[in-house]
């Protein structure tokens, strides 16, 4: 099997979308069977890979394909609905979608990720902490330049920032959307899926 990735299309992508919809834990929406390997499909693949102890790169190769559920007799029960909250950071298209039980709660665009040499980290992460007001370091002076921070990977966070300026690895979310996202997130368990860095 050849590797399938973002922007691929065809019957093999339809099979992947069908397999991902067959079951298993998800916080993202069920996939339309479009045959287009779009950003949501990448997010679902990364989520599946992470939950199955595979490198969450969003590419379906032999290892991922071998673990995907297969359609067969006795699988007529509808899959369980998505449960929980997640944030899908789509740096391919510079947009962010916050999901609550698979339903979009917030759509924010444009956003910005890390610049060359400081790329944001692709993967699936649990939100680790939040800070209303934060200043990153004396290296980047200015007033609270990381307001409404939602940390998810080491020092990387979703926070208020100019979406037309690439960051040092964080995700810039424009005002007032950064505050809306911060308020929506609360202190709940949230998965952050970052792709396209």
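Residue numbers (my numbering): 97 to 293.
Just so you know, even glycine gets a beta-carbon here, dropped at the ideal spot from N, CA and C.
- For residue 200, there is no enclosing alpha helix (DSSP H); the residue is part of the beta strand (DSSP E) that begins and ends at 199-204.
- Taking C-alpha positions only, residue 293 is separated from residue 188 by approximately 8 Å.
- A distance below 6 Å between beta-carbons, with the five flanking residues on each side excluded, links residue 157 to the following residues of its chain, in chain order: 99.
- Contact annotation, residue 196 with residue 215: C-beta distance approximately 29 Å; criterion of less than 8 Å not satisfied.
- With respect to the 8 Å criterion, residue 204 and residue 124 are not classified as neighbours on the basis of their beta carbons.
- When only Cα atoms are considered, residue 213 and residue 193 end up about 26 Å apart.
- In this structure, residue 281 places its C-beta atom within 8 Å of the C-beta atom of residue 223.
- Residue 261 is a Cβ neighbour of residue 268, given a cutoff of 8 Å.
- Assignment of beta-bridge partners to residue 132 by DSSP yields 105.
- Separation of residue 146 and residue 111 (C-alpha to C-alpha, rounded to the nearest whole angstrom) is 20 Å.
- About 5 Å separates the beta carbon of residue 208 from that of residue 259, a gap short enough to meet the 8 Å contact definition.
- In this structure, residue 175 lies near residue 119, with their beta-carbon atoms less than 8 Å apart.
- According to the DSSP secondary-structure assignment, residue 196 is paired through a beta bridge with 181, 199.
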